[in-house]
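Asks: Sharing a structure with you now.
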Amino acid sequence: RAEIAAIRAYAAARREDVGTAMEQSQKALALLPEDDYMLRGVVLFVQGGLFLLEDDIEKALDAWKDASTYGEKSGNIHLAVSALNSVAGLLAETGKVIEAEEIYTRALGLGTSHSGVSLSFNASIYAGLARLYLAQKDFQKAKEFAQTGFELGQQWLNPDSQIGSLLTLAQVAQLEGDPDEAQRLLDEVTRIASTRDLMPGTDAYIERAKIQIQSQLAGKIEGNSLLEPLSERELEVLRMLADGCSNPEIAEALIIALGTVKAHTSTIYRKLEVKNRTQAVIRARELKII
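Start counting the sequence shown at 120; every next residue gets the next number (the numbering used here).
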């Protein structure tokens, strides 16, 4: 029964049926033995994604951290690395860059063989670090890590990590004044996305990144453009900031925790390179985001 509930939770999560997935994952955890580290880790990994869809950042982080621990205990290094990748990515999104880099580095160590060879599923870690270095404007490191991430993604046959790395390479090419290379990389992203099944959320991420890069290539954005596009939720919060809404008002309207609102505003400020909501609104209007 526990295994069936776990399978149902995973299937429901893939189709973003949060209610069913959460119900089945809770059922699986209640039925699974405490020492079934591998399956408990898989279910917790699924739950992390569900909590994120519900905008509960703290619960998502806790679930993924536990999933990584269970992955290590069971010897499932792939699970441990994937969970750490999710933790680091979310930390980076919420502006905790130093902590994110530490988690990514730990994941790289786990995903490296005793002979020093990086295992193919480290592709997602390299892709994440590439995005991190791009946000820090370290273009050389961003390119190196993105290229490695793409090559490992090809070995792993994982389209999501390949796409993440290619989008970073496209952004770097555009920022370094090579529009032809940026467009070539975007075309490759389109080709891969059209032929493979992607994880939930990847399509939306691709569209945001492509719109940003293509707008930059067309000269539609003047001045310092964004290195990282805002997510749909961040844009929603930004519009409410522009309307003069307080953090508690935003939390109530979007049905999310106050801490989650603060995490979103922190990320918005970082991506817009500003220090407060007034500057954020001004910057967003300059970029014609709102």
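All residues carry an ideal CB built from backbone N, CA and C; glycine is no exception.
(1) Going residue by residue through the segment 242-323, where are the continuous alpha helix (DSSP H) segments of at least 4 residues, counting only ones entirely within it?
(2) Check whether the segment 359-370 touches the segment 313-330, taking contact to mean three or more Cβ pairs, one atom from each stretch, closer than 8 angstroms.
(3) Does DSSP put T213 in a helix, in a strand, or in coil?
(4) Quick one, are the C-beta atoms of D175 and T384 less than 8 angstroms apart?
(5) For the candidate residues F269, L294 and I330, whose alpha-carbon lies nearest to that of I243?
(6) Take R250 as the anchor and find which of D154, N204, L406 and N277 has the nearest alpha-carbon.
(7) If you check the beta carbons only, do Y245 and F264 fall under 8 angstroms apart?
(8) For T231, which residues does DSSP report across the bridge?
(9) Using the rule of at least 16 other Cβ atoms within 10 Å of the residue's Cβ for burial, across every protein chain shown, is S232 buried or exposed?
(10) Tell me the start and end of each unbroken alpha helix (DSSP H) in the segment 144-199 that is at least 4 residues and wholly inside, in chain order.
(11) So Q143 and A124 are supposed to be a Cβ contact under 8 angstroms. How far apart are they, rounded?
(12) Give a yes or no on whether the C-beta atoms belonging to V200 and L163 are separated by under 8 angstroms.
(13) For the candidate residues R225, V137, L285 and R389, whose alpha-carbon lies nearest to that of E307?
(14) Assuming A147 and A131 make a contact with CB atoms under 8 angstroms, what is their CB distance in whole Å?
(15) Answer yes if the segment 176-190 comes into contact with the segment 344-361, meaning at least three C-beta pairs across the two stretches below 8 angstroms, and no otherwise.
(16) Using a Cβ-Cβ cutoff of less than 8 angstroms, which residues in the same chain neighbour V291 once the five nearest sequence positions on both sides are dropped?
Replies: On the basis of the supplied data:
(1) 242-254, 258-275, 278-294 and 298-314
(2) no
(3) coil
(4) Going by C-beta atoms, D175 is not nearer than 8 angstroms to T384.
(5) It should be pointed out that residue 243 corresponds to Ser in this sequence rather than to Ile. Ranking F269, L294 and I330 by Cα distance to S243 puts F269 first.
(6) Out of D154, N204, L406 and N277, N204 has the C-alpha closest to the C-alpha of R250.
(7) Yes; because the gap between Cβ atoms is below 8 angstroms, this pair is in contact.
(8) S237
(9) exposed
(10) 156-172 and 176-193
(11) The pair is a contact, with the Cβ atoms about 5 angstroms apart (cut-off 8 angstroms).
(12) Contact flag unset, no.
(13) L285
(14) Rounded, the Cβ-Cβ distance is 12 angstroms, inconsistent with contact.
(15) In short, these stretches do not touch, since the Cβ pair count stays below three.
(16) Residues L253, F258, A261, K262 and A265 of the same chain have their beta carbon placed closer than 8 angstroms to that of V291, with the five preceding and five following residues left out of the count.
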